[in-house]
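To convert, take the position in the sequence shown, counting from 1, and add 4; that gives our numbering.
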Amino acid sequence: MRTQSVASDPALTAAIAIVDAARRDRARRPVVTAFFDEATFTVTYVVRDPGSAACAVVDSVLDYDPASGRTSHRSADAVIAHVRAEGLEAVWQLETHAHADHLSAAPYLKAALGGRVAIGEKIVRVQETFGTLFNAASDFARDGRQFDHLFKDGERFSIGGLDGVVLQVPGHTPACLAYVIGDAVFVGDTLFMPDYGTARCDFPGGDAATLFRSIRRLLALPDETRVFLCHDYKAPGRTDYRWETTIGAERRDNVHIRDGVSEADFVTLREARDRTLDMPRLILPSVQVNMRGGHLPEPEDNGVRYLKIPLDAV
Ligand SMILES: [Fe+2]
Numbered sequence: 005m006r007t008q009s010v011a012s013d014p015a016l017t018a019a020i021a022i023v024d025a026a027r028r029d030r031a032r033r034p035v036v037t038a039f040f041d042e043a044t045f046t047v048t049y050v051v052r053d054p055g056s057a058a059c060a061v062v063d064s065v066l067d068y069d070p071a072s073g074r075t076s077h078r079s080a081d082a083v084i085a086h087v088r089a090e091g092l093e094a095v096w097q098l099e100t101h102a103h104a105d106h107l108s109a110a111p112y113l114k115a116a117l118g119g120r121v122a123i124g125e126k127i128v129r130v131q132e133t134f135g136t137l138f139n140a141a142s143d144f145a146r147d148g149r150q151f152d153h154l155f156k157d158g159e160r161f162s163i164g165g166l167d168g169v170v171l172q173v174p175g176h177t178p179a180c181l182a183y184v185i186g187d188a189v190f191v192g193d194t195l196f197m198p199d200y201g202t203a204r205c206d207f208p209g210g211d212a213a214t215l216f217r218s219i220r221r222l223l224a225l226p227d228e229t230r231v232f233l234c235h236d237y238k239a240p241g242r243t244d245y246r247w248e249t250t251i252g253a254e255r256r257d258n259v260h261i262r263d264g265v266s267e268a269d270f271v272t273l274r275e276a277r278d279r280t281l282d283m284p285r286l287i288l289p290s291v292q293v294n295m296r297g298g299h300l301p302e303p304e305d306n307g308v309r310y311l312k313i314p315l316d317a318v
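What follows is the structure, given as structure tokens:
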């Protein structure tokens, strides 16, 4: 069952053509290296063109200890060491969305490796919501200017000789993107491993029916498309972390949204599960930093940077 009409969706049509071309030609398939941060269950990817030195980094992590308020670059430095050891040149620092469970290291990686920091154009809605929640001062711009590029749905991009296209996949947040690069798709917080299901939809601007339609769009990609997840939490009974699967495996086995699950049934299940979930441990620091494109708030007159904690507001 492919509920998505491909013919009426030019961005999806372009994505399928890119995947098909990569399946025919090894030179169009990205080489993907994953870095897993067990503290936040986040996977950062280095996506490289096999035919050149060009690479992109997807969803980087700035380490943060909420008890001490200390940041560190351990995770990001591992990515930098890999990129330098392989002789690569970063052309993009890609964010799938404004994460609520970890801080982005995109500005730090850009300073070290280069690459334009990009996110979806709907980030302006997220900035408006969280700018209001944190009562950010008027110097917090809500037009996305903290990023180097704001992607539109269906926009094409390249990493050396690799072709990419952006699919907007809202539902978890209004600004979520999936990046189709060759025969791979980096899905952010939409799908998780088939045995774990899907992303939550109870953050501001989230919506389960919207996520259903976004995921059905992703599931219209060819079954052989390699799927790279933003997170893994180990499903019950599984002892190892996994972050790569295929569209075919998700269509067949995803416990929330495999083929045959209706939108109404998905929404009921997703909303019931969301009512049982605690807020992510790092949501308040994460969104304050990530709404600024991964930049920490400016220091106060004593030279110290501060994050805010809104009481009884989330
Ligand atoms: Fe997320």
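By construction, the Cβ of each residue, glycine as well, lies at the ideal position given by its N, Cα and C atoms.
For clarity, every value in this text was computed on a predicted model and none was experimentally measured.
Check                                                                                                                                                                           : Outcome
Quick one: what's R120 bridged to in DSSP?                                                                                                                                      : W96
Which residues in the same chain have their Cβ closer than 6 Å to the Cβ of K156, if we skip the five residues on either side of it in sequence?                                : E125
Please tell me whether D53 has its Cβ less than 8 Å away from any Cβ of chain B.                                                                                                : Absent from the structure is chain B; it holds one protein chain and no more.
Just checking H101 against ligand 1 - is the residue's beta carbon closer than 7 Å to any of the ligand's heavy atoms?                                                          : yes
Between P34 and G164, what straight-line distance do the alpha-carbon atoms span, to the nearest angstrom?                                                                      : 10 Å
For S218 versus P178, is the C-beta spacing smaller than 8 Å?                                                                                                                   : no
Per DSSP, what kind of secondary structure is P76 in: helix, strand or coil?                                                                                                    : What sits at residue 76 in the sequence shown is Ser, not Pro. It is a strand residue.
Write down the C-beta distance between A15 and L171 rounded to the nearest angstrom, noting that I regard them as a contact closer than 8 Å.                                    : 6 Å
Kindly list the residues whose CB is nearer than 7 Å to the CB of M5, restricted to its own chain and excluding five residues on each side of it in sequence; keep chain order. : Note on M5: pLDDT 49, under 50, position unreliable in the model; no value is reported.
Compute the Euclidean distance between the alpha carbons of A115 and D269, then round it to the nearest angstrom.                                                               : 46 Å
Per DSSP, what kind of secondary structure is I22 in: helix, strand or coil?                                                                                                    : helix
Taking the beta carbon of Y237 as the centre, do at least 16 other beta carbons fall within 10 Å, making it buried, or is it exposed?                                           : exposed
Please classify I313: is it buried, with 16 or more other beta-carbons within 10 angstroms of its beta-carbon, or exposed?                                                      : exposed
Please state whether DSSP places H153 in a helix, a strand or coil.                                                                                                             : strand
Mind checking whether L92 and A317 have CB atoms under 8 Å apart?                                                                                                               : no
Taking the CB atoms as reference points, tell me whether S79 and D69 lie closer together than 8 Å.                                                                              : no
Which of helix, strand or coil does DSSP assign to L286?                                                                                                                        : coil
Going by CA-CA distance only, name the one from W247, W96, V128, Y200 that's closest to V121.                                                                                   : W96
Classify M197: buried if its beta carbon has 16 or more other beta carbons within 10 angstroms, exposed otherwise.                                                              : buried
Less than 8 Å separating the beta-carbons of N258 and L215?                                                                                                                     : no
Mind listing, in chain order, the continuous beta strand (DSSP E) runs of no fewer than 3 residues lying wholly within the segment 141 to 190?                                  : 153 to 155, 160 to 163, 166 to 172, 181 to 185, 188 to 190
What does DSSP give as the partner residues of L195 in its beta bridges?                                                                                                        : T202
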